[in-house]
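A.B. asks:
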Amino acid sequence: MKDIRTDFPILAANPKLVYLDSACTSLKPSKVIEAEMAYYRELGACGGRSSHRLGRKTNEKMDEARRTVASFVGGESEGLVWTKNTTEALNLIANAFDFSKKKKVVTTIMEHHAVLLPFMKLRDGGKITLEIVPCDAQGEVSMDAWEGAVDEETALVVTNSSTNTTGRKAELRRIASLAHDNGALICVDGAQGVPHHKTDMKKDGYDFLCFSGHKMLGPTGIGVMIARKEHLKNLKEFMVGGGTVSTVTCGEAKYMNDHTRFEAGIQDYAGMTGLSAACQYLKGLGMDEVERHEKALADAMLKELRNAGATVYGPESIEKSAIYSFNLRNAKAHDVALMLDKMDIAVRSGFFCAQPAMEAMGAHDGAVRVSGYVYNTLDDMKKFGEALAKVKALY
Ligand SMILES: Cc1ncc(COP(=O)(O)O)c(C=O)c1O
């Protein structure tokens, strides 16, 4: 991939910075920042409400963003609901899904807390039963384990498309078929998949897809839940308020039938246009090229980690994004992250909001996580390796 560092104002202003924390949030290119600013500079009005010209123009921008974002993941724009982030999108599914006929939800121990907590809360309130499929010591969830858990009692299967701890890509087509063969629906947490892999929710057969703008070069504060549009009518209201209703009396509210039923209150119009610009930017790079680039980054990262004698969590050589979690000898993960920061390498340390996953892989005190993206280069990986060698020499 061509060097695109100059597209990113933070990298242009900090030429020494090696940003390896994109699994937490990605940096934003000028195109995205400009698109977001253009809303405030040129429109600044409400969408879906006001009939004056700025309001109408905001509607147009909103519809355009809806189409661009939906098409980026092979989804239907009529099924797209704007949310604040993946967490809100997953909470929407957990709380809006109809569990009146079947109550069983199946998910895995490798999920982010954004998946586990909303469903654990429903379980603890007696609203659902929850089966959490275990992984092996490498964080692998086998198809056998999935097959042992999903049955005809299952209402909903919830899985990541790639984990945020190991970057492992889930076998989504097989998991989706398993869910459907058992009469269940599948909700995919695409927070770590959509930014890094070509996603086609129609072809791969998922019913719901949730993701965040900020992990895919877009702004913070905007996320998406896309449903196959026939499922929207079966979801109950979640957050209600202005924009979600057709008529209201003091005795009764009649809710909208479409995606607007779930978009309560004034929306993040600037965020939508920013996310749309991010999708266009990624499309311009080509998602096949993004994957190829990340594979090269992942290989180089692993080489540096091996050279440093790091303990790497998760599978090393299968289909994955450029993410590795690791520990270095007896060094505390936070100390390693702070030392790397002193050498201009930005990484994350801790449990990455996936404590059960990290514990299952033996990282009982957390770990350090490196995650690369489109703006990283092989030279960044070399610098990471050199910095790691300096930290290692201290232990
Ligand atoms: C796999 C996964 N799911 C969900 C989330 C939650 O995303 P957000 O914080 O944008 O809601 C994250 C964030 O790190 C994640 O990595």
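So for the sequence shown, the numbering used here puts the first residue at 25; every next one is plus one.
For glycine and all other residues, C-beta sits at the position ideal for the given N, C-alpha and C.
Computed from a predicted model, the values in this text were never measured in an experiment.
Got a sec: does ligand 1 put a non-hydrogen atom nearer than 6 Å to the Cβ of Ala-194?
C.D. replies: Ala-194: no, Cβ never under 6 Å from ligand 1.
A.B. asks: In or out: Cys-303 buried (at least 16 other Cβ within 10 Å) or exposed?
C.D. replies: buried
A.B. asks: Of all the options Lys-222, His-238, Glu-276, Val-139, which has the alpha carbon lying nearest to the alpha carbon of Lys-344?
C.D. replies: Lys-222
A.B. asks: Helix, strand or coil for Ile-210? Go by DSSP, reduced to three states.
C.D. replies: strand
A.B. asks: Between Pro-219, Gly-374, Ala-47, Ala-378, which has its C-alpha nearest Glu-311's C-alpha?
C.D. replies: Note that residue 311 is Met in the sequence shown here, rather than Glu. Among Pro-219, Gly-374, Ala-47, Ala-378, the Cα nearest to that of Met-311 belongs to Pro-219.
A.B. asks: Look up Tyr-348 in the DSSP assignment and say whether it is helix, strand or coil.
C.D. replies: strand
A.B. asks: Are the CB atoms of Ala-346 and Glu-318 nearer to each other than 7 Å?
C.D. replies: yes
A.B. asks: Between the Cα of Lys-253 and the Cα atoms of Ile-246, Thr-271, Gly-229, which residue gives the shortest distance?
C.D. replies: Gly-229
A.B. asks: With DSSP as the reference, label Arg-192 as helix, strand or coil.
C.D. replies: Here Arg-192 sits in strand by DSSP.
A.B. asks: Might you give, ordered along the chain, the residues of its own chain that have their beta carbon closer than 8 Å to the beta carbon of Leu-35, omitting 5 neighbours on each side?
C.D. replies: Arg-29, Leu-41, Tyr-43, Leu-51, Tyr-399
A.B. asks: Decide if Asp-27 is buried, meaning its Cβ has at least 16 other Cβ atoms within 10 Å, or exposed.
C.D. replies: exposed
A.B. asks: Can you give the Cα-Cα distance for Arg-91 and Asn-351, rounded to whole angstroms?
C.D. replies: When rounded, the distance between both Cα atoms is 43 Å.
A.B. asks: What is the DSSP secondary structure of Leu-418, reduced to helix, strand or coil?
C.D. replies: coil
A.B. asks: Please return the same chain residues whose Cβ sits closer than 8 Å to the Cβ of Arg-77, not counting the five positions on each side in sequence.
C.D. replies: none
A.B. asks: For Gly-275 and Val-269, what's the separation of their Cα atoms in angstroms?
C.D. replies: Rounded to the nearest angstrom, the two C-alpha atoms are 14 Å apart.
A.B. asks: Taking buried to mean at least 16 other C-beta atoms within 10 Å of its own C-beta, is Arg-285 buried or exposed?
C.D. replies: buried
A.B. asks: So does Asp-292 have its beta carbon nearer than 6 Å to some heavy atom of ligand 1?
C.D. replies: no
A.B. asks: Assuming Cys-234 is part of the beta strand (DSSP E), what are its boundary residues?
C.D. replies: 232-236
A.B. asks: Cα separation between Val-371 and Arg-393?
C.D. replies: Those two C-alpha atoms are separated by around 6 Å.
A.B. asks: Determine the closest residue to Cys-211 out of Gly-237, Met-249, Thr-190, with distance taken between C-alpha atoms.
C.D. replies: Met-249
A.B. asks: If Met-385 and Ala-161 are in contact, beta carbons under 8 Å, what's the gap, nearest whole angstrom?
C.D. replies: 6 Å
A.B. asks: What residue range is occupied by the uninterrupted alpha helix (DSSP H) comprising Arg-147?
C.D. replies: 137-148 is the extent of the alpha helix (DSSP H) around Arg-147.
A.B. asks: Can we count Asp-213 as close to ligand 1, meaning its CB is less than 6 Å from some heavy atom?
C.D. replies: It does: the Cβ of Asp-213 is within 6 Å (strictly closer) of some heavy atom of ligand 1.
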